[in-house]
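Written out below as structure tokens is the structure these notes cover.
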Amino acid sequence: MLIFVLKRIGALVPVLAVVAVVVFLLMHITPGDAAAVMLGPEASAADVDALRQELGLNDPLYIQFFGWLGGVLTGDLGTSPFLGESVAAALLSHLGPTLSLAILAELFAILVAVPAGIIAARRRGTLIDQGFMGLTILGISVPSFLLGLFLILCFSVGLRWLPVAGYQPLSAGLVEHLRYLLLPALALGSMQAALIARMTRSSMLDVLGSNYMKTGKAKGLSDFALTYKHAFKNASLPVLTVVGQTFGSLVAGAAVVETVFNIPGIGQLIINSVDRRDLVVIQGAVLLIAVAYVLINLIIDILYGLLDPRVQVS
Amino acid sequence: MTNPALLTVTDLKTSFLTERGPVTAVDGVPFTVRRGETLGIVGESGCGKSVTADSIMRLLDEKDASYSGSVELNGRDLLSLPETEMRRARGSELAMIAQDSMSSLNPVFTIGNQVIEAITVHQKMSQKDAYRLAISLLERTGVPEPEHRMTQYPHELSGGLRQRILIAMALSGNPKLLIADEPTTALDVTTQAQILTLIRALQSSSDMASVLITHDLGVVAEMCDRVIVMYLGQVVEEADVDALFDSPQHPYTRGLLASIPEIDGDRSQPLNVIAGRVPTLHDVPTGCRFAERCDFATDKCRDSAPPLEDVTLETVDMLAGDATPRKVRCWNWRHIPMNTSATTAKAIR
């Protein structure tokens, strides 16, 4: 198992190298001069020159790259000329809300979708199955901002149970934290729930028809043991992949929901930075998201190895 | 015969709801198995052998499969048992060895986990005792290094070993009846022989009866006391194994026996085959189901379905001394001349 994990980690090195090069080049493939873009059309030539100097844009590319890479490896992602603080600090302060939101949304999605998928698979063809699968179509097709606005209308404006928007950190108390995050998590998690439920259903159906399920039934195992022990452990592998992918997209792509609910997360930081053409922050955020994706995939790979011993061999 | 019947299957019918309408995969099958006896069920793919096996154990998804008739094990009709009682019977009173040892063990649990589970699902005992029993079961089924195997996963074992594990699990509840659904089909020839020898040895050391489903007539000759031949969901012939090979009555049985290639046969001659193919269950002929492939078919055969009738001693002289009843489903069995298939059958034994 340890060798398997080390191999997986080793396989990340080339991936991260490519990520580093691409993210670094972001600054240079933007049309026009990066410093001029950042300062806008009204900036004076002297200001642009000063920023070029500050960002090191006058050095040869390879020196810039290794300088930047050295910074990245020591946690220095540069300083935003707009925020007046280091990019690392800005990302870190926005990461908390995004992670909280993503984890809550994913938890909600898994807790609802996995049982629903299992029930739908076991009752294949019945009204319950069709009802659940109909709901998943709805979950996939309704955009999260629309669902978010609808939830605000129901629970905040109508019933006045929950705040309309905003964010309270965990330090303000768990209940307060959750009160603010509940609606955005529902809005964000419903699509993930739909995807996970569909994957759970189809992968359970695959497994339920397999020969080892017949062996289990012939042994005299109960339906419960068959479904939740024998079938689900096998069916959980594809589900895990979907969970990993959706979690990655939650970390990266919560911008819309963060905007609707005014949550100061990574998504909002990226949108504001794009508005300001703050390339340094954008670069840092893209790097963070790419690394997050890679790490999530690593965790999924390791879980795969734990769940299915055959994975460790291949 | 003083030996009472252990399993009596009467008019078993198994139907499935399919997209193209209901089909009856097993259509009125009768047979009995006595204590310690081995009954072979033979036939081509799709003749209903495996569905018969699954029906006896009620393994089919009862949402789209329905049974009628009766399957009496020790006088108790399994088909009318509530599911909870049926579950108690599975794995304890009757057990099954599945067809494909490669895919019949759960890939994500260790061998130990799966064997111990087979034990503890029916017998209340501590994990320690169950572990010891599991080891002794693996030893009984000839699994080398049982302690080590217990910690391994199915993909780490060969097909033959996996089949032994499946047999060990099936034996865990000391079943009265073992159903083996093509237990050797997926194995290579030398392993096949080992597994068959193992099953026979295990059977002779207890009074376990077995139903052996196979398309391999060599296996039947080797293992079985009696045989039923199935064609398109029906029994077409039933006989003692010797009688079947010596004097097959049904044209289909003869065709099956004749289609076995001889090891010293003339290679320039084409292999014997039964012409045509099995009709689909959606399109069952009104008359004899075998008529359109039969060399001896008459108009009567095509118009009306023959019953499964007793072959009586007087009518078949060569069966003198044969104690168990023979049955055949053919209008013309009395008039069909013996052909060379009988000698072929002798050759393979």
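Heads up: the sequence lines are chains A and B, in that order. Mapping of the first sequence onto this note's numbering: residues 1 to 314, in sequence order. Mapping of the second sequence onto this note's numbering: residues 1001 to 1349, in sequence order. A virtual CB, placed ideally from N, CA and C, is assigned to each residue, including glycine.
- chain B contacts made by the segment 153 to 183 of chain A, where a contact means CB separation under 9 Å: none
- Query: Cβ of SER222 (chain A) less than 9 Å from any chain B Cβ?
  - Reply: Yes, contact with chain B.
- is_contact[HIS1155 (chain B), chain A] using C-beta, thresh 9 Å: Under the Cβ criterion of 9 Å, HIS1155 (chain B) is counted among the residues facing chain A.
- Item | Sequence-distant residues of its chain with Cβ nearer than 6 Å to ASN262 (chain A) (five each side left out) | Take ASN262 (chain A), set aside five residues on each side of it, and the residues of its chain with a beta-carbon closer than 6 Å to its own are ALA165, GLY166, in chain order.
- Please confirm if THR241 (chain A) has its CB atom under 9 Å from at least one CB of chain B. no
- Message: Can you pull out the residues from the segment 1115 to 1139 of chain B whose beta carbon lies closer than 8 Å to at least one beta carbon of chain A?
- Response: GLU1117, ALA1118, VAL1121, HIS1122
- Item | Contact under 9 Å by Cβ, TYR1131 (chain B) with MET1150 (chain B) | The beta carbons of TYR1131 (chain B) and MET1150 (chain B) sit closer together than 9 Å.
- Message: I'd like to know if PHE1109 (chain B) contacts chain A, where contact means its C-beta is closer than 9 Å to some C-beta of that chain.
- Response: yes
- Please name the residue, chosen from B:THR1024, B:ARG1076, B:LYS1013, B:THR1038, that lies closest to ALA1209 (chain B) on a Cα-to-Cα basis. Looking only at B:THR1024, B:ARG1076, B:LYS1013, B:THR1038, the smallest Cα-Cα distance to ALA1209 (chain B) is reached by B:THR1038.
- Query: Using a beta-carbon distance below 9 Å, is ASN297 (chain A) in contact with chain B?
  - Reply: no
- Task: Look up LEU91 (chain A) in the DSSP assignment and say whether it is helix, strand or coil.
- Result: helix
- Message: Is the beta carbon of GLY1069 (chain B) closer than 9 Å to that of LEU1059 (chain B)?
- Response: no
- Message: So the candidates are B:LYS1176, B:MET1096, B:ALA1239, B:GLU1083; which of them puts its Cα closest to the Cα of LEU1212 (chain B)?
- Response: B:MET1096
- Starting from LEU307 (chain A), find everything on chain B with Cβ-Cβ shorter than 8 Å and list it in chain order. Listed along chain B, the residues sitting closer than 8 Å to LEU307 (chain A) by beta-carbon distance are VAL1108.
- Query: What does ARG1087 (chain B) reach in chain A if we use C-beta pairs closer than 9 Å?
  - Reply: LYS217, GLY220, LEU221, SER222, ASP223
- Just the Cα atoms here: how many angstroms apart are ILE1041 (chain B) and GLU1019 (chain B)? 29 Å
- Task: Please go through the same chain and pick out, in chain order, the residues whose beta-carbon is closer than 6 Å to the beta-carbon of THR1253 (chain B), but skip the five residues on each side of it.
- Result: VAL1229, GLU1237
- Item | Outcome for ASN1174 (chain B) when other beta-carbon atoms lying within 10 angstroms are tallied against a minimum of 16 | exposed
- Task: Can you pull the chain B residues whose beta carbon is under 7 Å from the beta carbon of TYR212 (chain A), in chain order?
- Result: What TYR212 (chain A) touches in chain B: SER1103, SER1104, LEU1105, ASN1106.
- Say whether the segment 225 to 235 of chain A touches the segment 1103 to 1120 of chain B, bearing in mind that this needs 3 or more beta-carbon pairs closer than 8 Å, one atom from each stretch. In this structure the segment 225 to 235 of chain A lies against the segment 1103 to 1120 of chain B, because at least three pairs of beta carbons, one per stretch, are closer than 8 Å.
- Within 10 angstroms of the Cβ of ARG1164 (chain B), are there 16 or more other Cβ atoms? Answer buried if so, exposed if not. buried
- Neighbourhood of ILE1111 (chain B) by C-beta distance below 6 Å, restricted to the same chain and skipping five residues each side: Excluding its 5 nearest sequence neighbours in each direction, ILE1111 (chain B) has C-beta neighbours in its own chain below 6 Å: ARG1149, MET1150, GLN1152, ILE1165, listed in chain order.
- Task: With 8 Å as the C-beta to C-beta threshold (strictly closer), list the residues of the segment 233 to 262 of chain A near chain B in chain order.
- Result: Those would be LYS233, ASN234, in chain order.
- Message: Under 9 Å, Cβ to Cβ, is there at least one residue of chain A near MET1208 (chain B)?
- Response: no
- Query: Tell me which same chain residues have a C-beta within less than 6 Å of the C-beta of SER156 (chain A), skipping the five on either side of it?
  - Reply: LEU162, VAL164
- Please confirm if VAL19 (chain A) has its CB atom under 9 Å from at least one CB of chain B. no
- Among B:SER1172, B:GLY1276, B:SER1015, B:PRO1144, which one has its Cα closest to the Cα of ALA1065 (chain B)? B:SER1015
- Task: Output, in chain order, the set of chain A residues within a Cβ distance shorter than 9 Å of LEU1166 (chain B).
- Result: THR215
- Would you give the residue range spanned by the alpha helix (DSSP H) that ARG236 (chain A) belongs to? Sequence check: residue 236 (chain A) is Ser here, not Arg. SER236 (chain A) -> alpha helix (DSSP H) spans 232 to 252.
- If you draw a straight line from the alpha carbon of LEU170 (chain A) to that of LEU287 (chain A), how long is it in whole angstroms? 26 Å
- Message: Using CA atoms only, rank isn't needed, just tell me which of B:ALA1098, B:VAL1029, B:PRO1004 is closest to ASP1011 (chain B).
- Response: B:VAL1029
- Of all the CB atoms in chain A, is at least one closer than 9 Å to the CB of ARG1020 (chain B)? no
- Message: So for MET1230 (chain B), helix, strand or coil by DSSP?
- Response: strand
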